[in-house]
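In the numbering used here, the protein residues as written are 68 to 178.
Every residue gets a Cβ at the ideal spot worked out from N, C-alpha and C, and that includes glycine.
Below is one structure, written out as structure tokens, with a few remarks after it.
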């Protein structure tokens, strides 16, 4: 565990350092996926791994926040973003153009 903390608080992380930290903190990804009930969603899992990578590289070593708290927030926000974008996409696909045409006909002025 001491090695992980030394890697985490290292000012400039190499690619191998980042890969080691990804392996060490992989349970944060799976915990957040299960918490959001999207454990088997490939898009959410990919976004969660990217978020963990971002959390490792953007973590402020001088902050009073623990890394796991910071990483969970970043991962959760990224998962919610994917779900939000998917919901918007599904809503757009489910629009019924006939409904809008009928509304336009009803709202036109009577001649």
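Contained alpha helix (DSSP H) runs [length at least 4] in the stretch 101-150, N- to C-terminal order: Counting only runs of 4 or more, we get 109-125.
Short Cβ contact (8 Å threshold) for residue 99 with residue 115: Closer than 8 Å, so yes.
Inter-residue spacing [alpha-carbon to alpha-carbon] between residue 145 and residue 93: Those two C-alpha atoms are separated by around 15 Å.
Cβ contact (3+ pairs, closer than 8 Å) linking the stretch 118-128 and the stretch 74-94: Three or more beta-carbon pairs drawn from the stretch 118-128 and the stretch 74-94 are found closer than 8 Å, and the two stretches are therefore classed as touching.
Identity of the residue in 156, 157, 101 nearest residue 142 by Cα: With distances taken between Cα atoms, residue 142 lies closest to 101.
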